[in-house]
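FYI, my numbering numbers position 314 of the sequence shown as 314, with every residue one higher than the one before it. The beta carbon of each residue, even a glycine, is placed where N, CA and C say it ideally should be. Just so you know, these numbers come straight off a predicted model, no measurement behind them.
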Amino acid sequence: MHNKNSINPCALDPIDPMLATSSNDLISENKILRERLEDLLDQAHRNQQIMRRHQEFDLQIIGSNSFNELINNLFSSLTETSELDIVTLCLLDPENSIRHVFLNQHGSLSKFPNLFFFKTKEELGPLHDSLHQPILGQYSPSQHSFMFPQRMLEPVSVAIIPLLRHNKLIGCLNLGSLERSRFSVNLATDFIERLGSIIAVCLENGINNERLKQISLTDPLTGISNRRYIEQRLHEEISRARRQHYSISCLYIDIDHFKKINDRVGHQGGDIVLCEVARRIRAELRLSDALARFGGEEFVVLLIDAELTNAIKVAERIRASIAHQLFKLSLKQNINATVSIGVATLTNIDRPETIEATAQRIIAQADHALYAAKENGRNKVICLG
């Protein structure tokens with residue numbers, strides 16, 4: 001006997017195929033949405049990691065303890081942080097002051113093959129007038145070879161970032177990638193402009209700090225380095241020479257009868273002679289060499305990577321440049337002057353003695369040679385073996 005209220009399953013309508021299809025579509029759509037969400041989460045995680053790396057980079061360059069460390073961080077950390085194939089830096093240096101900082105610290109620029117100095121912005125090539133905002137796009141030899149010289153890896157796409165301080169161009173940071181789409185003309189430049197601003201501030205601060213250091217190591221009358229600088233530089237060069245196995249020569253220079261010059265033309269005239277002697281000495285030196293006023297009318301020159309024979313030739317050029325040309329004190333007054341020069345070259349640089357002892361030894365040898373030049377009639381170059 002059947003309950004009249006019971007339902008016979010067989011009496012139900014069959015499942016609508018449209019409903020089944022709609023359910024499957026919802027499942028597929030939900031799966032796609034979940035996959036997209038996972039992709040978005042992965043991308044957000046990657047972006048967070050990239051942002052963290054860039055924040056760490058910002059702190060690293062801001063916290064650089066020296067100009068040298070700042071440049072090292074730019075080339076090593078930025079390349080890694082931004083996954084770039086090449087990074088170069090061009091600095092405007094019309095008076096060679098920044099270049100001198102590197103030469104004083106390293107003796108040469110060979111350790112920084114991606115760092116370039118230009119005296120004027122026109123030397124940066126065809127893009128120099130456009131360096132008021134970032135320039136992105138495909139690499140063009142005619143446009144970008146000034147920032148990426150031929151001896152370097154040639155990028156496919158580039159970003160040229162002007163470094164501006166107070167609306168003045170101080171250089172440009174150049175990023176290169178082997179990916180064609182990495183730096184396209186349609187790419188937003190907000191992040192790149194921010195990067196350029198931070199680096200420009202750090203560079204300006206670093207350069208100014210180095211200039212302040214140079215002031216403390218500079219003779220105020222002649223504008224060349226002082227005794228403190230040359231002694232510090234000599235220690236650095238001896239340490240470097242021991243590692244790289246090259247010679248250092250020292251010239252100890254003294255203006256002959258300088259007291260008589262002062263008595264004849266006064267201290268103001270004597271100051272003119274001191275400044276002109278410093279200028280003539282410097283004119284005979286390379287950028288990598290060092291010159292300082294050691295005290296009074298005495299000067300010391302360090303010739304880097306110079307054997308004794310070459311040092312004597314340089315000393316003779318200096319002596320001749322001073323002796324063979326009058327010193328013009330005024331429209332009506334000229335005076336002649338000569339110098340005596342003692343020459344010494346470091347030998348046995350690896351001998352078991354301290355750097356301080358080695359520095360004292362070469363200065364003392366040059367000083368003794370100078371004394372011999374004075375004893376032998378002045379206006380001479382003497383080297384004591």
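Straight-line gap, residue i to residue j (C-alpha atoms, nearest Å)
i    : j    : result
E179 : G137 : 11 Å
I382 : I341 : 6 Å
N334 : G269 : 10 Å
H324 : H257 : 17 Å
P9   : L26  : Note that P9 scores a pLDDT of 48, beneath 50, so its modelled location is shaky and nothing firm can be said.
A311 : L59  : 46 Å
A428 : S145 : With the chain running from 1 to 385 in the structure shown, residue 428 is simply not present.
E297 : C172 : 43 Å
C275 : I238 : 28 Å
I7   : S23  : The pLDDT assigned to I7 is 47, lower than 50, so where the model puts this residue is not dependable; a value taken from the coordinates is nonetheless given after this. Their backbone Cα atoms lie some 26 Å apart in a straight line.
P345 : S249 : Note that residue 345 corresponds to Thr in the displayed sequence, not to Pro. Their Cα atoms are separated by approximately 4 Å.
T120 : N376 : 49 Å
N30  : L41  : 16 Å
G206 : K374 : 44 Å
I358 : K213 : The sequence as given places Thr at residue 358; Ile does not occur at that position. For T358 and K213, the distance between alpha carbons rounds to 25 Å.
P352 : R182 : 55 Å
F327 : A337 : 7 Å
E56  : S66  : 18 Å
I215 : L187 : 44 Å
K386 : R233 : Outside the displayed span of the chain (1 to 385) sits residue 386, for which this structure offers no information.
H128 : R151 : 22 Å
Same chain, Cβ closer than 6 Å to residue i, five either side skipped, listed in chain order
i    : result
T394 : Residue 394 is absent from the model: the chain starts at 1 and stops at 385.
S184 : none
I318 : I281, E284
H2   : A caution first: H2 carries a pLDDT of 49, below 50, which makes its placement in the model too unreliable to give a value.
H100 : none
N208 : none
R165 : A200, E204
L103 : L287, S288
Candidates the options, of which the one nearest residue i by Cα
i    : options                : result
K111 : S76, L329, H144        : S76
G68  : N174, L203, K121       : The identity of residue 68 in the sequence shown is Asn, whereas the question assumes Gly. Nearest C-alpha to N68: L203.
R280 : F118, G266, G296, E316 : E316
V339 : F299, I304, L163, V265 : F299
L195 : T81, I349, N30, C250   : T81
R211 : R282, N96, K313        : N96
A320 : I253, I248, T218       : I253
E83  : G176, I355, L115, D39  : G176
L78  : I62, R243, K313        : I62
V87  : E123, Q55, S157        : S157
G125 : L103, R99, Y246, L92   : L92
S247 : I98, I362, P113, I224  : I362
F116 : P94, S130, L131, H132  : P94
A366 : T222, L384, S197, R378 : L384
D219 : V265, Q150, L291, K168 : L291
D305 : E122, R243, F118, S142 : R243
I198 : R264, P141, L70, S330  : L70
H245 : A364, E38, P113, I349  : I349
Contact set for residue i: own chain, Cβ-Cβ below 7 Å, skip 5 residues either direction
i    : result
I192 : P134, A159, I161
I355 : H235, I238, S239
N73  : Q60, I61, S64
First through last residue of the beta strand (DSSP E) which encompasses residue i
i    : result
G342 : 339-345
P162 : 157-165
G295 : 290-295
S249 : 248-255
V185 : Looking at the DSSP string, V185 is not in any beta strand (DSSP E), and its letter there is neither H nor E.
I349 : I349 -> no beta strand (DSSP E), and no H or E assigned at all.
Residue interval of the alpha helix (DSSP H) (run including residue i)
i    : result
G269 : 258-283
R317 : 308-323
K168 : First-last for K168: 168-177, but that is the beta strand (DSSP E), not the alpha helix (DSSP H).
I198 : 190-216
Y371 : 355-375
I238 : 227-244
Check: residue i C-beta below 7 Å from any heavy atom of the ligand GTP
i    : result
N379 : This structure lacks the ligand GTP, and indeed carries no ligand of any kind.
Other residues of its chain near residue i: CB distance less than 8 Å, five sequence neighbours each side excluded
i    : result
L370 : Y252, I253, D254, S340, I341, G342, I382
F148 : I86, T88, Y139, E154, P155, V158, N174, G176
F294 : R227, I230, Y252, V300
L221 : D271, L274, C275, R293
N379 : D256, R319, A323, T338, V339, S340
L131 : K121, L124, I160, P162, L169, C172
Any chain D beta carbon closer than 8 Å to residue i
i    : result
Q214 : In the structure shown, chain D does not exist; there is a single protein chain.
For the stretch 73-110, which segments carrying the alpha helix (DSSP H) assignment without a break, of at least 4 residues, lie completely within its bounds, in sequence order? Whole alpha helix (DSSP H) segments, 4+ residues: 97-106.
Enumerated in chain order, which unbroken segments of the beta strand (DSSP E) with a length of 3 residues or greater are wholly contained in the stretch 120-146? 135-138
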